[in-house]
Structure formats: structure tokens, C-alpha cells
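Residue numbers (this note's numbering): 1 to 148.
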């Protein structure tokens with residue numbers, strides 16, 4: 001891809017395409033689920049995998065699971081940063097949270113190497129259907145557009 005085909009926002013961060021966002025999400029094991037618990041924002045770190053273009057993770061019977069049962073709108077964010085070179089990316093997805101049916105969960109457990117990092121009784125699979133996905137990348141100084 002040539003520099004001319006890159007798109008940047010007003011902060012001079014590179015705008016990442018949906019396909020590239022999905023590729024980036026597949027490259028990291030952890031993300032942050034942003035949901036509502038008791039009328040307030042809550043953020044939880046979850047290990048996840050992509051199933052096609054949905055985010056899947058294990059949950060116990062707590063607040064995240066109840067949000068999935070309700071079909072709440074949530075945000076999901078994952079990122080990667082190189083602290084030495086001052087570059088990195090972030091991807092944010094917005095969508096409805098849902099509980100994966102037992103039959104589909106059994107199939108997903110056979111096909112995806114997904115397991116909770118925490119011991120939990122009766123883990124359930126939960127899914128974020130990505131209705132919108134946005135990504136931004138902080139690129140090296142020499143590749144950023146000039147102000148003007």
C-alpha cells in the first residue's frame with residue numbers, strides 16, 4: 001500500500017479498514033469489554049477469539065453474562081503498543097452482547113481454542129456481534145501527513 005492510499009484522521013492517526021481491524025483483533029489474546037452494570041459503566045479484561053466477524057469469550061454467571069442475556073449494547077476494545085518506538089494501534093467494536101446457544105457453544109469449543117484464563121464453574125460462551133468497527137494506528141513520524 002502506498003502512502004497516498006493511507007487515510008488519516010484530524011489527529012494524524014491512520015484510519016484502519018474493517019478488514020485490517022479484524023486482522024489486528026486476531027493478533028492479540030486480550031481485550032476490554034465495556035458494558036453497563038448497575039447503571040454504571042464497567043470495563044473487564046477478557047481473553048477472546050474471533051469467530052468469523054464476532055468476538056467470543058467465556059463468562060461466569062456474573063454481570064457480563066446478565067448483560068449478554070439482556071442483549072445489551074457494549075463496546076469492545078483491543079490494542080497493541082510498541083513503547084520503544086511509540087507506535088501502535090487500537091480497534092473498537094460496538095455491538096450487541098448475546099449468549100451463545102449450548103449447541104453452538106459445543107461446536108465452537110471443538111473448533112476454537114477458547115478457554116477461560118480463570119477457573120470458573122459452568123463457563124458460558126458470550127458473543128459480541130460487531131455492528132461497527134473502527135481502528136486507528138499511530139504510525140512512525142516519517143509516515144504521518146504534515147499539518148497544513
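All C-beta atoms in this analysis are idealised placements derived from N, C-alpha and C, irrespective of residue type, glycine included.
Since we're looking at a predicted model, the values are computed, not measured.
DSSP on residue i, reduced to helix/strand/coil?
i, result
"residue 26", "helix"
"residue 12", "coil"
"residue 2", "A caution first: residue 2 carries a pLDDT of 46, below 50, which makes its placement in the model unreliable, though a value can still be read off. Correct three-state label for residue 2: coil."
"residue 121", "coil"
"residue 42", "strand"
"residue 156", "The chain is shown from 1 up to 148; residue 156 falls before or after that span and cannot be answered."
"residue 19", "helix"
"residue 139", "coil"
"residue 53", "coil"
"residue 116", "coil"
Could you round the C-beta distance between residue i and residue j to whole angstroms and report it? I think they count as a contact, below 8 Å.
i, j, result
"residue 139", "residue 14", "5 Å"
"residue 135", "residue 91", "4 Å"
"residue 34", "residue 81", "Going by Cβ atoms, the distance from residue 34 to residue 81 rounds to 19 Å, so no, they are not a contact pair."
Hey, would you say residue i sits closer than 8 Å to residue j, going by beta carbons?
i, j, result
"residue 119", "residue 59", "no"
"residue 67", "residue 45", "no"
"residue 93", "residue 125", "no"
"residue 25", "residue 16", "no"
"residue 95", "residue 131", "yes"
"residue 127", "residue 55", "yes"
"residue 30", "residue 78", "yes"
"residue 7", "residue 133", "no"
If distances are taken between C-alpha atoms only, which option among the options comes closest to residue i?
i, options, result
"residue 57", "17, 9, 88 and 32", "32"
"residue 21", "114, 50 and 36", "50"
"residue 37", "88, 63, 55 and 29", "63"
"residue 87", "114, 137 and 133", "137"
"residue 27", "89, 39 and 84", "89"
"residue 117", "9, 76 and 48", "48"
"residue 76", "112, 53 and 83", "53"
"residue 39", "11, 72, 10 and 9", "72"
Let me see if you follow: with CB-CB separation under 8 Å, is residue i close to chain C or not?
i, result
"residue 52", "Going by chain labels, chain C is absent from the structure shown, which holds only one protein chain."
Please list the segments of the beta strand (DSSP E) lying wholly inside the segment 58-110, counting only runs of 3 or more residues, in order along the chain.
Complete beta strand (DSSP E) runs here, min 3: 73-82 and 87-99.
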